[in-house]
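With the working numbering applied, the sequence shown corresponds to residues 1 to 177, in that order. Every residue gets a Cβ at the ideal spot worked out from N, C-alpha and C, and that includes glycine. Values in this document were obtained by computation on a predicted structure and should not be read as measured data.
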Amino acid sequence: MTKYYPNPLISLPCISGLGVESRLKPRKDSKLLSFIPCLIVLCLLFAPAQAWAVQSHGGAEEGLVVHQIGHVLFICGLLFLLNRLRRLKNSDYGGVEFKLFLWLIILWNLLAFHEHWYQGTVNPDKFIRTADKITGFIISTPLDALYYFSRLDHLLLLPAFLCLMAALNKWRNQDDG
């Protein structure tokens with residue numbers, strides 16, 4: 001005979017006669033036990049440590065290598081998705097916008113990969129400083145120009161996310177109609 005015991009998260013089946021019923025019965029203090037993890041999470045949310053939006057990989061090369069591997073894997077995943085979409089051959093599903101989004105994100109990944117790689121080799125004298133702030137960059141080679149453009153990665157990300165928004169909007173309208 002199978003019994004179900006109420007559980008705030010899931011219902012677990014219990015086969016009577018196997019001696020496991022007592023372990024699955026809800027305890028009287030279960031509200032207190034579910035309150036404690038919530039209290040811990042709230043305490044952690046209201047007592048955060050300082051976190052930086054941009055963290056350098058300097059010094060520890062393994063951090064940069066792992067980060068670069070992440071860019072390569074992300075590109076591979078996006079190329080796989082593009083290949084799957086190409087095989088569908090159906091452009092009525094918002095595919096043009098979504099494919100453009102994927103291509104722009106791939107370009108962004110390539111640009112970010114180059115920026116991370118070149119940042120360690122760029123001559124510090126190429127940065128123009130005024131009052132301890134970087135106010136300019138001297139471009140003398142095509143790699144310098146690419147590095148400078150890679151620092152403006154939002155010029156690729158903003159159109160990419162606009163394309164994603166257009167594709168999602170098209171999909172939503174297709175579901176409504």
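Residue 174 and residue 44 have their C-alpha atoms roughly 42 Å apart.
The C-beta separation of residue 104 from residue 159 comes to about 6 Å, placing the pair in contact by the 8 Å criterion. For residue 172, the secondary structure class from DSSP, reduced to helix, strand or coil, is helix. Per DSSP, residue 46 is not a residue of any beta strand (DSSP E), being assigned neither H nor E. According to the DSSP assignment, residue 120 belongs to no alpha helix (DSSP H), since it is labelled neither H nor E. For residue 150, the uninterrupted alpha helix (DSSP H) segment begins and ends at 142 to 150. Residue 120 and residue 113 have their C-alpha atoms roughly 12 Å apart. A distance below 8 Å between beta-carbons, with the five flanking residues on each side excluded, links residue 129 to the following residues of its chain, in chain order: 135. According to the DSSP secondary-structure assignment, residue 136 is paired through a beta bridge with 128. Per the C-alpha coordinates, the member of 88, 77, 144 positioned closest to residue 102 is 77. Within a 10 Å sphere around the beta-carbon of residue 106 sit 16 or more other beta-carbons, which makes this residue buried. The beta carbon of residue 110 is closer than 6 Å to none in its chain, skipping five residues each way along the sequence. By the criterion of a C-beta distance shorter than 7 Å, residue 157 is surrounded in its chain by 108, once the five residues flanking it on both sides are discounted. In terms of Cα proximity to residue 100, the closest of 164, 72, 131 is 164. Leaving aside the five residues that flank residue 88 on each side, the residues in its chain whose CB is nearer than 8 Å to its CB run, in chain order, 95. Around the beta carbon of residue 145, fewer than 16 other beta carbons lie within 10 angstroms, which makes this residue exposed.
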